[in-house]
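Have a look at the structure below, then the notes.
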Amino acid sequence: MFKRIAVSFAPKPRPHHIPLPGFKFPAHQLLHSLLPRCRSMNHLKQLHAHLIAAALLDETLTLAQLISFCSLSPAGNLCYGRKLLEHAPNPNKFMYNSLIRGYTNQHSPKEALFLCRRMLRHGLLPNQFTLPFVLKSCAEASALEETLVIHGLIIKLGFESQIFVMNALLHVYSSCGPIWFARRVFDEIPSRNAVSWNSMIGGYSQLGDCKEAFSLFKMMRESGLVADEFTLVILLSACSQAENFELGRLVHQYIEVSGAKFDLIVRNALVDMYGKCGRLLMAQRCFDTMDVKNVVSWTSMVCAHAKHGLIEVARDLFDRMPERNIVSWNAMISCYVQNGLSHEALDLYDQMHASKEKPRNHLDMRHRLDSKGQHEGKVLDYGWNQASEHGSK
Numbered sequence: 001m002f003k004r005i006a007v008s009f010a011p012k013p014r015p016h017h018i019p020l021p022g023f024k025f026p027a028h029q030l031l032h033s034l035l036p037r038c039r040s041m042n043h044l045k046q047l048h049a050h051l052i053a054a055a056l057l058d059e060t061l062t063l064a065q066l067i068s069f070c071s072l073s074p075a076g077n078l079c080y081g082r083k084l085l086e087h088a089p090n091p092n093k094f095m096y097n098s099l100i101r102g103y104t105n106q107h108s109p110k111e112a113l114f115l116c117r118r119m120l121r122h123g124l125l126p127n128q129f130t131l132p133f134v135l136k137s138c139a140e141a142s143a144l145e146e147t148l149v150i151h152g153l154i155i156k157l158g159f160e161s162q163i164f165v166m167n168a169l170l171h172v173y174s175s176c177g178p179i180w181f182a183r184r185v186f187d188e189i190p191s192r193n194a195v196s197w198n199s200m201i202g203g204y205s206q207l208g209d210c211k212e213a214f215s216l217f218k219m220m221r222e223s224g225l226v227a228d229e230f231t232l233v234i235l236l237s238a239c240s241q242a243e244n245f246e247l248g249r250l251v252h253q254y255i256e257v258s259g260a261k262f263d264l265i266v267r268n269a270l271v272d273m274y275g276k277c278g279r280l281l282m283a284q285r286c287f288d289t290m291d292v293k294n295v296v297s298w299t300s301m302v303c304a305h306a307k308h309g310l311i312e313v314a315r316d317l318f319d320r321m322p323e324r325n326i327v328s329w330n331a332m333i334s335c336y337v338q339n340g341l342s343h344e345a346l347d348l349y350d351q352m353h354a355s356k357e358k359p360r361n362h363l364d365m366r367h368r369l370d371s372k373g374q375h376e377g378k379v380l381d382y383g384w385n386q387a388s389e390h391g392s393k
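Position 236 of the sequence shown, counted from 1, bears residue number 236 in full-length UniProt numbering, the numbering being contiguous throughout.
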């Protein structure tokens, strides 16, 4: 009896679904409290449904947060975010920026550029957050016409002083546009940083103009900027393509004199450069002095000796590799094919097929190699083309 009387005086718990009188929880605050708990699109769709039922989805900030999650979260879904944008009563720049960034990060440049055009049609001008991602998509899609339009907007909107925007524009022109477009943009950047210099040096390197690339490298040093590993790899790659040993050796001297401990990628680029230039002893010396070697290091040495017809040395290196990739296999196979050793090439190809590394067109390549007796010349050309396709030169 006593317990029942005591319980009768206890306060009744208020049901959690009944709101407190006169209290309204703002939709954006609700979203902020729930979004961090979203771990999947299922969670977000449930939240979306509750917001619709509560008539809270009309708030622009609420919808923008949902689109941001769909676009930028690892658990997001760009298609769902796109549908949210299409049904938004008043889409804003933040919504477009989120989706453009998401598509750019997912290497879908056509969708990103489509959204940019749609954004402009709706009277929304891009800002400093939109432009770098749009330009990145232009570079990936080699969309020069769209780049010229964006360049005009940059001038019109006064973003020429924004280094991130100008570096993105420079990257597009240096990678897929006329090089003199890139040089003009580069010369007009008021305060260049390492990214600016690397993009311009990379543009000349891509064209095989290692002399102009090296000239810019000297200008970069004179401006007081220190070359980073990206600069050095770009220069060494240019020297490799042009087989310019003299300039490559100057870059190596700079590395040694600077005393900086550069990453493995720079050491690999040195081995590759000396190998491509036919300086195999210097390539071997760089290779031997490396504290750490990876599959790229070993493959560069195999490719270097294979290119110059040193079959036994190349095969010895190939057999001693701790691990191999598709480039390693194709370098060795092309070495056999180029030297008329079709049987050895076929045997090695079968070993590659038995391993985890397989070319995309296995059956076609196997058939052509197997026809070595009747079409020897075609097999030689085919073997070399396959090696080039997978990175061996």
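Ideal Cβ placement from N, Cα and C applies to all residues, glycine included.
All of these numbers come straight from a predicted model, not from anything done at the bench.
- In the DSSP assignment, Leu169 falls within the unbroken alpha helix (DSSP H) covering 163-176.
- The C-beta of Val165 has 16 or more other C-beta atoms within 10 Å across all chains shown, which makes the residue buried.
- The alpha-carbon of His343 is positioned some 19 Å away from that of Lys307.
- Gly177 is a Cβ neighbour of Leu144, given a cutoff of 9 Å.
- Taking a contact as a CB-CB distance under 8 Å, the pair Ile234 and Gly202 counts as one, their CB atoms being some 5 Å apart.
- Pairing Thr147 with Met220, the inter-Cα distance amounts to about 26 Å.
- Put simply, of Leu51, Asp263, Ala242, Gly224 the residue whose alpha carbon is nearest the alpha carbon of Leu232 is Asp263.
- Counting along the chain, Ile255 sits inside the alpha helix (DSSP H) bounded by residues 245-258.
- The shortest CA-to-CA distance from Arg37 to any of Ala54, Ser71, Ala75, Gly275 is the one to Ala75.
- In this structure, DSSP gives Asn127 a state outside helix and strand, which the three-state scheme calls coil.
- Sixteen is the threshold: since fewer than 16 other Cβ atoms of the shown chains lie within 10 Å of the Cβ of Asp288, the residue is exposed.
- Note on geometry: alpha-carbon atoms of Asn244 and Ala238 lie some 8 Å from one another.
- Within the region 286-329, complete alpha helix (DSSP H) segments of at least 4 residues are found at 295-307, 311-320, given in chain order.
- Cα atoms of Ala53 and Pro89: separation of roughly 17 Å, rounded to the nearest angstrom.
- Rounded to whole angstroms, the gap between the alpha carbons of Ser258 and Asn198 is 18 Å.
- Between Ala345 and Ile333 a beta carbon distance of about 5 Å is seen, short of the 8 Å cut, so the two are scored as contacting.
- Val149: member of the alpha helix (DSSP H) spanning 144-157, first to last residue.
- In this structure, the beta-carbon distance from Leu170 to Val185 falls below 9 Å.
- Its Cα nearest to that of Val302, the residue Asn325 stands out among Asn325, Asn97, Met290, Val292.
- Taken atom to atom, the span from the alpha-carbon of Gly248 to that of Lys218 is near 14 Å.
- By the criterion of a C-beta distance shorter than 6 Å, Tyr336 is surrounded in its chain by Glu344, Ala345, once the five residues flanking it on both sides are discounted.
- In the structure shown, the three-state DSSP call for Asp350 is helix.
- Ser73 carries a coil assignment under DSSP once its states are collapsed to helix, strand and coil.
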